[in-house]
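Chains as they are written, first to last, in the working numbering: chain D, 1 to 203; chain W, 1001 to 1203.
Inspection log for the structure reproduced underneath, given as structure tokens.
Number of protein chains: 2
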Amino acid sequence: MPRPPTRLLSPEIITDAAIRMVDTAGDFTMPGLAERLKVRPSSLYNHVSGRAEIVEAMRARIMSTIAVGAPAGDWSETVAALAREYRRAYAAHPRLIPLFTAQTVQSPVAFGLYNALAQAFTDAGFTPAQVLHAVTTVDSFVLGSALDLAAPEVVWANVPETGDAMRAALQTAGPNPQRADAAFEFGLRALVAGLVAQTPAGR
Amino acid sequence: MPRPPTRLLSPEIITDAAIRMVDTAGDFTMPGLAERLKVRPSSLYNHVSGRAEIVEAMRARIMSTIAVGAPAGDWSETVAALAREYRRAYAAHPRLIPLFTAQTVQSPVAFGLYNALAQAFTDAGFTPAQVLHAVTTVDSFVLGSALDLAAPEVVWANVPETGDAMRAALQTAGPNPQRADAAFEFGLRALVAGLVAQTPAGR
DNA sequence: ACCTGAACACCGTTCAAGT
DNA sequence: ACCTGAACACCGTTCAAGT
Chain D
1 MPRPPTRLLS PEIITDAAIR MVDTAGDFTM PGLAERLKVR PSSLYNHVSG
51 RAEIVEAMRA RIMSTIAVGA PAGDWSETVA ALAREYRRAY AAHPRLIPLF
101 TAQTVQSPVA FGLYNALAQA FTDAGFTPAQ VLHAVTTVDS FVLGSALDLA
151 APEVVWANVP ETGDAMRAAL QTAGPNPQRA DAAFEFGLRA LVAGLVAQTP
201 AGR
Chain W
1001 MPRPPTRLLS PEIITDAAIR MVDTAGDFTM PGLAERLKVR PSSLYNHVSG
1051 RAEIVEAMRA RIMSTIAVGA PAGDWSETVA ALAREYRRAY AAHPRLIPLF
1101 TAQTVQSPVA FGLYNALAQA FTDAGFTPAQ VLHAVTTVDS FVLGSALDLA
1151 APEVVWANVP ETGDAMRAAL QTAGPNPQRA DAAFEFGLRA LVAGLVAQTP
1201 AGR
């Protein structure tokens, strides 16, 4: 039965299914997507241009959940809140993140977030060049932290006998996501404190 | 001519070719690797178990270029030096990094580095749990910064009309790798300063 | 021990054919 | 407008056959 009465597909439906497939399987394929949607693989191409576009749609979907909001309080509190919100968006679907790093971004879907960060750093008194570096720094730290969230526990298993400092540290490690969350909060506090210290007038 | 007089392949030769292929093409395939090595794809399986093992071998190769060295000076200088060395190793082959994030690490090849960082943080007076968080923070920041290095210039093209703070910042952006390098140095200074400030006794 | 050729299952994508 | 079936090029991997 070609062309059923009710629409079987749309870019949104396909993106939803792809996110669910990555959440459960760690990756997605066009045939796998088609099967979940009870459709033939070629049908997908009536709605999306291909696999790359689905990845970009998933990225846009994740980014669209970021609520920038009005700045409240100190600029450093604004930066911390934006960084937490940014990571929260990634953390909702941690297994998507490796797909994002593999593929070049095609549209600045995170521009609203970047600009809110840039405004906060501008308020802090940084020069435009420093603002760019500071936004990049927050972006790098959040992305790296989000990747840490997707890492399995086994990463740290079977450590060598030597290295007492790291072994002692590892023995305190609980399961994810608590460990990654705690590390992110620790790092964010340090990073924001360090940015405050870099401020020209100590604002 | 099966079995030529001189060995055509080895795990090292295959890993070398894979790194070169990723450097130039952004990815590698078994047939592509075989062609470069003037061999049939099935020949590769006499030396490596498969694609995943090649990725792990590339990771190990990159990590093996990290020189930990003896700590000199303040613990915070040691941390900064290790972070720079870690990122330098990644930066030598930036297009490899997305492959690393896609695949789970199978052996703690970076343990020497992690332990040197852990020792520095222990010297600083952090508790074992804080040491783990601090090592994770440096790891996340370096990985995120290395991914930034692989990002093409176009990422920032065609920004919206709104958003003056970010637009002003973007106008200062030079080409990579200079832009990414400068952002990393800025972020590293902030992060290390922030870590010093988190120290129990202000050591 | 190690390279080859043939084969397999699988993937992304295209396109004419249907309604 | 949109789903299908068939087809294509390509990929990762296996394995018996060669020397």
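Each residue gets a CB set at the ideal place from its N, CA and C atoms; glycine is no exception.
Note that the coordinates shown come from a computational prediction; the quantities given were computed from them, not determined experimentally.
Query: Chain W residues whose Cβ lies nearer than 9 Å to that of D:Gly194; Result: Gly1187, Arg1189, Ala1190, Leu1191, Val1192, Ala1193, Gly1194, Leu1195, Val1196 and Ala1197
Query: Beta-carbon neighbours of W:Thr1137, restricted to chain D and to distances below 7 Å; Result: Ala183, Phe186, Gly187 and Ala190
Query: Coarse secondary structure for D:His133, derived from DSSP in three states; Result: helix
Query: Classification of D:Pro11 by the beta-carbon crowding that lies within 10 angstroms, buried from 16 upward; Result: exposed
Query: Inter-residue spacing [alpha-carbon to alpha-carbon] between W:Ala1193 and W:Asp1164; Result: 29 Å
Query: Where D:Phe141 meets chain W, residues with beta-carbon distance less than 9 Å; Result: Thr1137, Ser1140, Phe1141, Gly1144, Ser1145, Gly1187 and Leu1191
Query: Nearest-angstrom Cα separation, counted from W:Ala1134 out to D:Val154; Result: Low per-residue confidence applies at D:Val154: pLDDT is 44, beneath 50, and the placement is therefore not dependable enough to give any value.
Query: Interface positions of the segment 99-129 of chain D facing chain W (Cβ-Cβ less than 7 Å), listed along the chain; Result: Thr101, Ala102, Thr104, Val105, Pro108, Phe111, Tyr114, Asn115, Ala118, Gln119, Thr122, Pro128 and Ala129
Query: Sequence-distant residues of the same chain with beta carbon closer than 7 Å to D:Ala17, five excluded per side; Result: Leu33, Arg36 and Leu37
Query: Beta-carbon neighbours of W:Val1079, restricted to chain D and to distances below 8 Å; Result: Neighbours of W:Val1079 on chain D: none; closest Cβ ~11 Å, over 8 Å.
Query: D:Gly26 CB to nearest heavy atom of the ligand FAD below 7 Å; Result: By its list of ligands, the structure shown contains no ligand whatsoever, and the ligand FAD lies outside what it can speak to.
Query: Uninterrupted alpha helix (DSSP H) stretches inside the segment 17-55 of chain D (no shorter than 4 residues); Result: 30-36
Query: Cβ of D:Asp74 within 8 Å of any chain W Cβ; Result: no
Query: CB of D:Val39 within 8 Å of CB of D:Leu9, strictly; Result: yes
Query: Alpha-carbon spacing of W:Ala1150 relative to W:Pro1098, whole angstroms; Result: 9 Å
Query: Separation of W:Asp1181 from D:Ala129, as counted between CA atoms; Result: 13 Å
Query: Collapsed DSSP secondary structure at W:Gly1007 in the structure displayed; Result: One point to set straight first is that residue 1007 of chain W is Arg, not Gly, in the sequence displayed. Here W:Arg1007 sits in coil by DSSP.
Query: Status (buried if at least 16 other CB within 10 Å, exposed otherwise) for W:Ala1201; Result: exposed
Query: Closer than 8 Å to chain D by CB, W:Ala1169; Result: yes
Query: Limits of the unbroken alpha helix (DSSP H) element including W:Arg1087; Result: Trp1075 to Ala1091
Query: Contacts of W:Leu1132 in chain D (Cβ-Cβ under 8 Å); Result: Ala169, Leu170, Thr172, Ala173, Arg179 and Ala183
Query: Own chain residues within Cβ distance below 6 Å of W:Ser1076, not counting five before or after; Result: Val1192 and Val1196
Query: Collapsed DSSP secondary structure at W:Phe1111 in the structure displayed; Result: helix
Query: Cα-Cα separation, W:Val1022 to D:Pro94; Result: 25 Å
Query: C-beta atoms of W:Ile1062 and W:Leu1096 nearer than 8 Å; Result: yes
Query: Straight-line Cα distance separating W:Asp1123 from W:Thr1024; Result: 42 Å
Query: Reduced DSSP secondary structure (H/G/I, E/B, other) of D:Gly187; Result: helix
Query: Contact with chain D by W:Met1166, beta-carbon distance below 8 Å; Result: yes
Query: Endpoints, the alpha helix (DSSP H) within which D:Gly170 is located; Result: Going by the sequence as given, residue 170 of chain D is Leu instead of Gly. Unbroken alpha helix (DSSP H) run through D:Leu170: Asp164 to Leu170.
Query: Assigned secondary structure, D:Ile14 (DSSP; H/G/I helix, E/B strand, else coil); Result: helix
Query: Close Cβ partners of W:Asp1014 (< 8 Å) along its chain, the five nearest in sequence each way excluded; Result: Asp is not the amino acid found at residue 1014 of chain W; the sequence shown has Ile there. The answer, listed in chain order, is Leu1033, Leu1037, Leu1044, His1047, Val1048, Ile1054 and Ala1057.
Query: Backbone secondary structure at D:Val138 - three-state DSSP; Result: helix
Query: W:Val1154, DSSP secondary structure in three states; Result: Bear in mind that a pLDDT of 44 at W:Val1154, under 50, signals an unreliable position, so the model cannot answer this.
Query: Of the residues W:Ala1070, W:Leu1188, W:Ser1064 and W:Arg1051, the one placed nearest W:Ala1146, counting alpha carbons only; Result: W:Leu1188
Query: Boundaries of the alpha helix (DSSP H) in which D:Ile97 is found, first to last residue; Result: Ile97 to Ala102
Query: Cβ distance (whole Å) where D:Pro175 is taken to contact W:Thr1104 below 8 Å; Result: Not confirmed; about 16 Å, so no contact.
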